[in-house]
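Worksheet for the structure shown next.
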Amino acid sequence: MTLPETLRGTVRVPLEQGPLGGLAESAKPADTLRDLYPTLAACWEAPRGLSRSAQAEITTRFALRRDGSVLGTPRVTFSAPNSDPRAHRILADATLAAIRRCTPARITPDLGAAIAGRPIALRFIYQGPKGKGV
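When we follow my numbering, the leftmost residue of the sequence shown carries the number 1, and every step to the right adds one.
Printed below as a string of structure tokens:
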């Protein structure tokens, strides 16, 4: 028996707003992995308390059911910078809260069947407002 392959994605957050304020992007369900990762990251907001960080990265690991709801408990597997335990906790809490807010994800039945139960490693990269630091 082999373990399912981990689906990996990277998203720069917060997501850029589309011409309709993001409404057009969220109007239809995700049908591909390329569509899924931004769908899962759409609820991410820069957490207060990271004002001294120039850049923050965090990776979460979780799985989804066929209907786009979370299977099990998402967890943080990596964060940088991780030298400040308080900053790590703020970033981890904000990221896990974003996943809770964005699920169940709107996905097509075909995508749901393809990803159901498979581990997802989603990396969020935040470079601060307009590259000026957080």
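Just so it is clear, CB atoms sit at the ideal spot from N, CA and C, and this is done for glycine as well.
Here THR2 is exposed: its Cβ has fewer than 16 other Cβ atoms, across all protein chains shown, within 10 Å.
If the five residues before and after LEU71 are omitted, its C-beta is found closer than 7 angstroms to the C-beta atoms of ALA63, LEU64, ARG65, GLY117, all from its own chain and listed in chain order. Fewer than three beta-carbon pairs drawn from the stretch 29–40 and the stretch 85–96 are found closer than 8 angstroms, and the two stretches are therefore not classed as touching. The beta carbon of ALA121 sits closer than 8 angstroms to the beta carbons of THR6, LEU7, ARG8, GLY9, THR59, THR60, ARG61, THR77 from its chain, once the five residues preceding and following it are set aside; these are given in chain order. According to the DSSP assignment, THR95 belongs to the alpha helix (DSSP H) that extends over 85–102. In terms of CA proximity to GLU57, VAL13 leads the group VAL13, PRO109, ALA30. Annotation for THR39: no beta strand (DSSP E) segment contains it, though the alpha helix (DSSP H) segment containing it runs 33–41. According to the DSSP assignment, PRO74 belongs to the beta strand (DSSP E) that extends over 70–80.
Taking C-alpha positions only, ALA30 is separated from PRO85 by approximately 35 angstroms. Its Cα nearest to that of PHE124, the residue ALA41 stands out among PRO4, ARG89, ALA41. For the options ILE115, ARG106, LEU111, ALA114, the alpha carbon positioned closest to that of ALA27 is the one of ARG106. If the five residues before and after PRO104 are omitted, its C-beta is found closer than 6 angstroms to the C-beta atoms of ASP67, GLY68, SER69, all from its own chain and listed in chain order. The straight-line gap separating the alpha-carbon atoms of VAL11 and ALA113 is approximately 23 angstroms.
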